[in-house]
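Asker:
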Amino acid sequence: MKSLDELKKLREKAQETIRLREQTEGTKIIVGMGTCGIAAGAREVMLALVDELQKKNLADVVVTQTGCAGLCEKEPLVEVVRPGQPKITYGYMTPEKARQMITSHIVNGQVIGEYVIAREDTVS
Amino acid sequence: MEFFRSHVLVCSGVNCSFKGSRSVRNALVEEIEKQGLGQEIKVVETGCFGLCEEGPVIVVYPEAVHYCRVSPGDVGEIVEEHLRKGRIVNRLLYRGEAFPKAVQTWEQIDFYSRQKRVVLRNCGLIDPDNIDEYIARDGYEALGRVLRHLEPGEVIGLIKESGLRGRGGAGFPAGLKWDFTASAPGDQKYLICNADEGEPGTFKDRLILEGDPHSVIEGMTIAAYAIGASKGYIYFRGEYNLSIDRLTQALKQAREYGLLGENIFGTGFGFDIEIKVGAGAYVCGEETALINSIEGKRGEPRYKPPYPASAGLWGKPTCVNNVETLANVPPIILNGAEWFRSIGTEKCPGTKVFTLTGNITNAGLIEVPMGITLREVIYDIGGGIPNGRKFKMAQTGGTSGGCLPGALLDVPMDIDSLAAAGSALGSGALMIMDDSHCIIDVVKCFLQFFRHESCGQCTPCREGTWRLYELVDKISRLEATMEDVELLRRLSRTMEDASLCALGQTAPFPVLTTMRFFPEEYEAHIKKGVCPAGICSAVSQTA
Numbered sequence: 001m002k003s004l005d006e007l008k009k010l011r012e013k014a015q016e017t018i019r020l021r022e023q024t025e026g027t028k029i030i031v032g033m034g035t036c037g038i039a040a041g042a043r044e045v046m047l048a049l050v051d052e053l054q055k056k057n058l059a060d061v062v063v064t065q066t067g068c069a070g071l072c073e074k075e076p077l078v079e080v081v082r083p084g085q086p087k088i089t090y091g092y093m094t095p096e097k098a099r100q101m102i103t104s105h106i107v108n109g110q111v112i113g114e115y116v117i118a119r120e121d122t123v124s
Numbered sequence: 125m126e127f128f129r130s131h132v133l134v135c136s137g138v139n140c141s142f143k144g145s146r147s148v149r150n151a152l153v154e155e156i157e158k159q160g161l162g163q164e165i166k167v168v169e170t171g172c173f174g175l176c177e178e179g180p181v182i183v184v185y186p187e188a189v190h191y192c193r194v195s196p197g198d199v200g201e202i203v204e205e206h207l208r209k210g211r212i213v214n215r216l217l218y219r220g221e222a223f224p225k226a227v228q229t230w231e232q233i234d235f236y237s238r239q240k241r242v243v244l245r246n247c248g249l250i251d252p253d254n255i256d257e258y259i260a261r262d263g264y265e266a267l268g269r270v271l272r273h274l275e276p277g278e279v280i281g282l283i284k285e286s287g288l289r290g291r292g293g294a295g296f297p298a299g300l301k302w303d304f305t306a307s308a309p310g311d312q313k314y315l316i317c318n319a320d321e322g323e324p325g326t327f328k329d330r331l332i333l334e335g336d337p338h339s340v341i342e343g344m345t346i347a348a349y350a351i352g353a354s355k356g357y358i359y360f361r362g363e364y365n366l367s368i369d370r371l372t373q374a375l376k377q378a379r380e381y382g383l384l385g386e387n388i389f390g391t392g393f394g395f396d397i398e399i400k401v402g403a404g405a406y407v408c409g410e411e412t413a414l415i416n417s418i419e420g421k422r423g424e425p426r427y428k429p430p431y432p433a434s435a436g437l438w439g440k441p442t443c444v445n446n447v448e449t450l451a452n453v454p455p456i457i458l459n460g461a462e463w464f465r466s467i468g469t470e471k472c473p474g475t476k477v478f479t480l481t482g483n484i485t486n487a488g489l490i491e492v493p494m495g496i497t498l499r500e501v502i503y504d505i506g507g508g509i510p511n512g513r514k515f516k517m518a519q520t521g522g523t524s525g526g527c528l529p530g531a532l533l534d535v536p537m538d539i540d541s542l543a544a545a546g547s548a549l550g551s552g553a554l555m556i557m558d559d560s561h562c563i564i565d566v567v568k569c570f571l572q573f574f575r576h577e578s579c580g581q582c583t584p585c586r587e588g589t590w591r592l593y594e595l596v597d598k599i600s601r602l603e604a605t606m607e608d609v610e611l612l613r614r615l616s617r618t619m620e621d622a623s624l625c626a627l628g629q630t631a632p633f634p635v636l637t638t639m640r641f642f643p644e645e646y647e648a649h650i651k652k653g654v655c656p657a658g659i660c661s662a663v664s665q666t667a
């Protein structure tokens with residue numbers, strides 16, 4: 001270690017690996033992982049999400065799962081919660097759609113209307 | 125960078141280890157692999173979460189769900205339900221006595237919400253074997269700033285201003301100690317970290333070193349720069365295997381990163397640390413006995429003066445600081461003296477780490493602001509006395525501390541208030557006893573410990589600890605007279621005045637404080653010939 005700058009660079013890199021443990025108000029992607037979701041391919045959707053986030057180096061986005069939301073017909077369901085924005089629920093997700101959603105919604109802020117099945121207007 | 129959607133933190137502190145956290149961790153890794161989740165979920169071994177009573181404890185992020193009393197048999201359900209399907213396993217959540225509703229995350233648990241974690245800031249949050257995780261939590265930033273921007277005198281000034289006092293027992297101002305060592309003449313100076321935590325019921329330094337070893341290394345390096353030392357020692361209690369392993373690993377990583385060794389942060393300042401393991405003598409926690417032990421001599425205390433600050437290790441100026449004191453240094457540098465003074469009391473700023481043991485619901489490791497009352501610690505954080513029994517006494521500061529009765533539950537827990545109440549803050553041991561215990565029996569037990577641990581160098585302690593034991597034993601056999609109590613008192617005073625080191629000076633403390641606060645127990649044993657708790661009797665006795 002030769003300088004504070006060197007330490008800072010190392011710290012910024014290291015912070016990404018433990019950001020998950022800080023309780024921050026960032027973007028959350030929630031995948032429906034009930035039996036219905038899993039049967040419809042939710043695991044593959046989630047793996048695609050995690051992989052895409054890693055490729056795009058989006059360490060501040062948290063991926064979690066939830067149980068069946070009751071709308072088994074439209075599984076796999078993926079919800080996106082961002083501070084100050086309405087909650088968006090996507091239905092009939094596939095790994096390809098999931099990757100597309102990351103690029104369009106998470107990176108560029110463009111909700112893909114075509115895939116949306118619900119929009120919760122209460123601002124979270 | 126490897127991206128994981130979930131981190132599972134398993135406590136590998138010594139208390140959870142006793143309860144089998146290692147097999148829980150192994151079962152988790154195995155089950156996660158078996159269910160094909162290895163790419164998404166990372167299992168991390170971390171330091172003590174503090175809620176040792178409820179161990180083994182695991183925490184699942186990003187939800188920060190806190191599972192208690194986890195056994196390898198629960199692992200399948202946690203992986204299948206929580207990690208795979210996102211459904212929290214309710215039956216393993218923490219349930220406070222006052223909260224029939226299960227709580228999920230740390231912050232919601234009353235045990236944590238009343239605490240203030242400065243020293244334990246990383247404990248249970250990072251992997252202690254990974255220096256990067258320490259750096260991610262602002263690790264070594266304080267050291268970098270000190271070496272780059274501050275003169276040694278300025279560092280000492282800052283620590284003086286913060287009001288940091290030694291956390292090993294005596295409560296001596298840390299800045300002043302540094303100043304004495306820095307200004308003592310001599311080209312070679314030493315810094316020693318005292319991790320010979322021998323007080324029965326104390327295990328805070330052990331868990332700090334297990335959970336966040338780099339914070340102690342960073343604190344030591346800053347202290348060494350301030351006093352002008354190029355070489356440091358950590359003197360470990362011999363039984364602390366895990367702490368020693370973790371610290372050895374941490375030292376290796378710090379050297380690889382150039383945070384120890386020559387030319388740290390390109391400033392020309394060099395410092396390195398050597399580990400010295402003790403052989404189990406209680407007296408070696410006394411700084412001059414500790415120094416003798418490092419030199420390879422018998423662990424016997426030296427006469428003072430000269431104090432270690434002027435002539436310590438190998439006769440050179442030496443500063444001896446406790447683990448917790450040193451772990452406080454990096455946060456003070458980063459946040460400033462003013463911040464530190466805003467926590468705790470005016471004369472005793474900052475926090476204190478306590479080990480809660482005995483008859484208490486949430487036994488474990490806690491960190492609270494100085495000056496919190498004993499009542500808050502026992503009832504709000506500790507969850508009160510279990511099994512419907514009543515509080516009888518609290519022993520603060522370990523065996524050499526005092527025993528406080530229920531009438532003193534509102535005494536503030538800081539160095540001066542406890543001393544004024546006739547007890548001591550000491551190293552932070554807090555042993556709670558309910559009304560099933562007999563005071564005489566408890567005191568006898570402490571005296572047995574001192575009798576065994578006296579090093580035998582000075583007469584008042586060598587002889588006194590045996591005679592104290594014999595007199596109290598006589599009381600417990602219901603054979604003593606009031607003259608024996610008077611003799612006990614006089615002997616105690618003599619030992620306090622005439623013993624060479626703190627061992628002999630404080631050994632009579634439990635005797636004197638119980639005589640003062642529980643005179644009725646002594647009288648019952650002597651005048652009425654009965655033990656109110658029904659423990660002591662004339663027949664069954666052990667030596």
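Order-wise, the sequence lines are chains A and B. For the first sequence, counting from 1, position 76 maps to 76 in our numbering; every step adds exactly one. Every position in the second sequence, counted from 1, becomes a number in our numbering once 124 is added. Note that beta-carbon positions come from the ideal geometry of N, C-alpha and C, so glycine has one too.
Kindly indicate which three-state DSSP category D534 of chain B falls into: helix, strand or coil?
Answerer: Coil at D534 of chain B, not helix or strand.
Asker: Does A657 of chain B get closer than 7 Å to chain A when you measure Cβ to Cβ?
Answerer: Chain A, which has no Cβ nearer than 7 Å to the Cβ of A657 of chain B, makes this no.
Asker: Could you check if R422 of chain B belongs to the surroundings of the ligand ZN, using beta carbon to heavy atom distance under 6 Å?
Answerer: With respect to the ligand ZN, the structure shown offers nothing to examine, as it has no ligands at all.
Asker: As an exercise, report each continuous beta strand (DSSP E) stretch of at least 3 residues that is fully enclosed by the segment 534 to 603 of chain B, in chain order.
Answerer: Within the segment 534 to 603 of chain B, the complete beta strand (DSSP E) runs of at least 3 residues are 553 to 558.
Asker: Taking contact to mean 3 or more Cβ pairs, one atom from each stretch, closer than 8 Å, check whether the segment 445 to 455 of chain B and the segment 319 to 330 of chain B are in contact.
Answerer: Yes, since at least three Cβ pairs between the segment 445 to 455 of chain B and the segment 319 to 330 of chain B fall closer than 8 Å, the two stretches touch.
Asker: For V62 of chain A, which residues in chain B fall below 7 Å Cβ to Cβ?
Answerer: Neighbours of V62 of chain A on chain B, chain order: P186.
Asker: Could you name each continuous alpha helix (DSSP H) segment of 4 residues or more that falls completely within the segment 41 to 112 of chain A, going from the start of the chain to the end?
Answerer: Segments of the alpha helix (DSSP H) lying fully in the segment 41 to 112 of chain A: 42 to 55 and 95 to 101.
Asker: Whose Cβ in chain A lies nearer than 7 Å to the Cβ of Y593 of chain B?
Answerer: Neighbours of Y593 of chain B on chain A: none; closest Cβ ~50 Å, over 7 Å.
Asker: Assuming P252 of chain B contacts D336 of chain B (C-beta within less than 8 Å), just tell me the rounded distance between them.
Answerer: The pair is a contact, with the Cβ atoms about 6 Å apart (cut-off 8 Å).
Asker: Are the C-beta atoms of L77 of chain A and some chain B residue less than 7 Å apart?
Answerer: No, no contact with chain B.
Asker: Looking only at its own chain, which residues have a Cβ that is under 7 Å from the Cβ of L611 of chain B, when we skip the five neighbours before and after it?
Answerer: Correct list, in chain order: L595.
Asker: Can you find at least 3 beta carbon pairs, one from the segment 291 to 311 of chain B and one from the segment 372 to 382 of chain B, that sit closer than 8 Å?
Answerer: No: the two stretches stay apart, fewer than three of their Cβ pairs being nearer than 8 Å.
Asker: Within a Cβ cutoff of 8 Å, which residues of the same chain sit near L458 of chain B, ignoring the five residues on either side of it in sequence?
Answerer: Around L458 of chain B: D262, E265, A266 and R269.
Asker: Using a C-beta to C-beta distance shorter than 7 Å, which residues of chain A count as neighbours of A374 of chain B?
Answerer: Near A374 of chain B there are no residues of chain A at all, since even the closest Cβ is about 15 Å away, more than 7 Å.
Asker: Within a Cβ cutoff of 7 Å, which residues of the same chain sit near A298 of chain B, ignoring the five residues on either side of it in sequence?
Answerer: Taken in chain order, the residues that qualify are I283, L288, R289, G290, N445 and T449.
Asker: Using the beta-carbon count (16 or more within 10 Å), is T24 of chain A buried or exposed?
Answerer: It is exposed - the Cβ of T24 of chain A has fewer than 16 other Cβ atoms within 10 Å.
Asker: Anything in chain A within Cβ reach of E257 of chain B, meaning under 8 Å, just list it in chain order.
Answerer: The answer, in chain order, is A14, T17 and I18.
Asker: Residues in the same chain with beta-carbon distance under 6 Å from E363 of chain B, minus the five sequence neighbours each way, listed in chain order, please.
Answerer: Once the five neighbours on either side are set aside, E363 of chain B has no close Cβ partner at all.
Asker: Is any beta-carbon of chain B found at less than 7 Å from that of M93 of chain A?
Answerer: Chain B, which has no Cβ nearer than 7 Å to the Cβ of M93 of chain A, makes this no.
Asker: Three or more C-beta pairs closer than 8 Å, one from the segment 381 to 396 of chain B and one from the segment 543 to 556 of chain B: is that the case here?
Answerer: The segment 381 to 396 of chain B, when compared against the segment 543 to 556 of chain B, does not touch it at the 8 Å Cβ threshold.
Asker: Have a look at B:G530, B:A531 and B:G526 and flag the residue whose alpha-carbon is nearest the alpha-carbon of I539 of chain B.
Answerer: Closest option to I539 of chain B, Cα to Cα, is B:G526.
Asker: Can you grab the Cα-Cα spacing for the pair N452 of chain B / K476 of chain B, in whole Å?
Answerer: Cα to Cα, the separation comes out at about 10 Å.
Asker: At a Cβ threshold of 7 Å, is T24 of chain A touching chain B?
Answerer: Chain B, which has no Cβ nearer than 7 Å to the Cβ of T24 of chain A, makes this no.
Asker: Applying a beta-carbon distance threshold of less than 7 Å, which residues of chain A neighbour G390 of chain B?
Answerer: Correct list: K2 and S3.
Asker: Distance cutoff 7 Å, beta carbons only. Does L152 of chain B sit that close to anything in chain A?
Answerer: Output row for L152 of chain B: interface = no.
Asker: Within this structure, are the beta carbons of V80 of chain A and I29 of chain A separated by less than 7 Å?
Answerer: In contact: V80 of chain A and I29 of chain A (Cβ atoms closer than 7 Å).
Asker: Mind listing the chain B neighbours of T66 of chain A? Cutoff is C-beta to C-beta under 9 Å, in chain order.
Answerer: What T66 of chain A touches in chain B: K209, G210 and R211.
Asker: Could you check whether the Cβ of V107 of chain A sits closer than 7 Å to any Cβ belonging to chain B?
Answerer: With 7 Å as the cut-off, V107 of chain A does not count as an interface residue toward chain B.
Asker: Just to confirm the assignment: which complete alpha helix (DSSP H) runs, minimum length 4, are found wholly within the segment 256 to 331 of chain B?
Answerer: Taking only runs of at least 4 residues, the alpha helix (DSSP H) segments lying wholly in the segment 256 to 331 of chain B are 265 to 273, 276 to 286 and 298 to 307.
Asker: Quick check: the Cα distance between G506 of chain B and G530 of chain B, rounded to an integer number of angstroms?
Answerer: Spanning the two alpha carbons is a distance of roughly 16 Å.
Asker: Within 10 angstroms of its Cβ, does M606 of chain B collect 16 or more other Cβ (buried), or is it exposed?
Answerer: Counting Cβ neighbours within 10 Å, M606 of chain B comes out exposed, since fewer than 16 surround it.
Asker: When the Cα atoms are used, what is the spatial distance from G409 of chain B to Q629 of chain B?
Answerer: Looking at the two C-alpha atoms, the distance is approximately 14 Å.
Asker: Bridge partners for V189 of chain B per DSSP, in chain order?
Answerer: Beta-bridge pairing links V189 of chain B to B:V184 and B:T229.
Asker: What are the start and end residues of the alpha helix (DSSP H) that includes D234 of chain B?
Answerer: Run containing D234 of chain B: D234 to S237, per the alpha helix (DSSP H) assignment.
Asker: What residues from chain B crowd round V50 of chain A, counting only those whose CB sits closer than 7 Å?
Answerer: What V50 of chain A touches in chain B: F127, R129 and E164.
Asker: Tell me, please, whether the CB atom of M33 of chain A is closer than 7 Å to any CB atom in chain B?
Answerer: By this cut-off, M33 of chain A is an interface position.
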